[in-house]
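Participant:
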Amino acid sequence: MKRQIILGMGAGQCGGNLLASVLDGQPNAKFTDEEPPFLPWYVKPGAPGVRHRLECILARRTERFIGNVASFYLPYVEQAIEFDPDNLRL
128 MKRQIILGMG AGQCGGNLLA SVLDGQPNAK FTDEEPPFLP WYVKPGAPGV RHRLECILAR
188 RTERFIGNVA SFYLPYVEQA IEFDPDNLRL
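The opening residue of the sequence shown carries number 128 in my numbering; numbering runs sequentially from there.
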């Protein structure tokens, strides 16, 4: 069974907490809202970024649908898609 990562993002105060709650309430799903540690707003080449974060999420969770909702993903959209273009949804 291939797991699917879903990242929710928005500008803040846009319903992210509700989105995380709705997604987390689905069968075989685990979602969080702004789970620390936060990613820096400015992408630093060579620094652990969204790839490391997604690897950690995959290692900690066993559910079929997993993810996090946070505005700090906005600068990392391209890197997140490159991580797993077939199984990552935004």
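Cβ atoms here follow ideal geometry from the backbone N, Cα and C, with glycine treated the same way.
Everything numeric in this text was worked out from a predicted model, so none of it was measured.
Going by alpha carbons, who is nearest to Phe165 out of His179, Arg188, Gly142 and Phe210?
Facilitator: Here the closest residue by C-alpha is His179.
Participant: How long is the line joining the alpha carbons of Ala147 and Gly173, rounded to whole angstroms?
Facilitator: Going from the Cα of Ala147 to the Cα of Gly173 covers about 29 Å.
Participant: With a Cβ-Cβ cutoff of 8 Å, do Lys157 and Glu190 count as a contact?
Facilitator: For Lys157 and Glu190, yes; Cβs fall inside 8 Å.
Participant: When you compare only the Cα positions, how much space is there between Val204 and Glu161?
Facilitator: Rounded to whole angstroms, Val204 to Glu161 spans 16 Å at the Cα level.
Participant: With DSSP as the reference, please indicate the residues paired to Lys157 in a beta bridge.
Facilitator: Paired residue(s): Ile193.
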